[in-house]
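**Student:**
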Amino acid sequence: MVNSPPTETTTSSTGLFEKLLRELANVFDAHGVCYAVTYEIAKYCQTTTLVGISDPLQRHYDVWICDPDGNMKQTRWHGEQSSFSHLMDLGKAEYLDKYGMSASELVKSELWQLPKDGILGVPFPFPTTNSQNTLPGAICLIDPGEDCPLNLDNLEPLATQVTIILDRA
């Protein structure tokens, strides 16, 4: 089955937002926030989820990848291995088709080794302002199905919530 970009759904993401707020109320570490966000989104959406956040000098990204069963992997991607720059340049939530990317991008990128068809992603901090403390990063859903409760309409509000939580971490 070929995955297509998620579109507007009537499924509410309020339950996920509430769960994240409860879970992260006493987490003041950016890595702990990223771990919890990755896990909760993967379980809620039943799709592999990735969250990556830059180090303060922006030399690498710490990355968490969680499958729908809750199996977590943490890794570090250096430089262009992340391919988050495309999402950051867009500055908004977007579905990116793997086969719309250049061959060189696919070969050098750890991110593009994960999906079969594409990713639904959003950069953070979101929205971008000069007053935020949050380091650059991204939330990516790998090959989300049509029934995925997160979509282009509610992924940006989620990124805003994550930005607020990361700002205080």
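Yeah, the sequence shown ends on 250 if you go by my numbering, and it's all consecutive. For each residue, glycine too, the CB sits at the ideal point set by N, CA and C. These numbers come from a predicted model, not from an experiment.
Restricting to Cα atoms, I'd like to know which of Asp150, Val132 and His167 is closest to Arg157.
**Tutor:** Distance check between Arg157 and each of Asp150, Val132 and His167 places Val132 closest, using alpha-carbon atoms only.
**Student:** Specify the secondary structure class of Leu171 as computed by DSSP and reduced to three states.
**Tutor:** helix
**Student:** Whose C-alpha, out of Gly172, Cys221 and Met169, is nearest the C-alpha of Cys115?
**Tutor:** When the alpha-carbon of Cys115 is set against those of Gly172, Cys221 and Met169, the nearest one is in Cys221.
**Student:** Who are the Cβ neighbours of Thr119 in its own chain at under 6 angstroms, not counting the five residues just before and after it?
**Tutor:** Closer than 6 angstroms at the Cβ level, and outside the excluded window around Thr119, lie Thr130, Val132, Trp145 and Cys147.
**Student:** Short check: CB of Asp224 to CB of Asp198, under 8 angstroms?
**Tutor:** Between Asp224 and Asp198, the C-beta spacing is below 8 angstroms.
**Student:** Please state whether DSSP places Pro208 in a helix, a strand or coil.
**Tutor:** Three-state DSSP puts Pro208 in coil, outside helix and strand.
**Student:** Identify whether Cys221 lies in helix, strand or coil by the three-state DSSP scheme.
**Tutor:** strand
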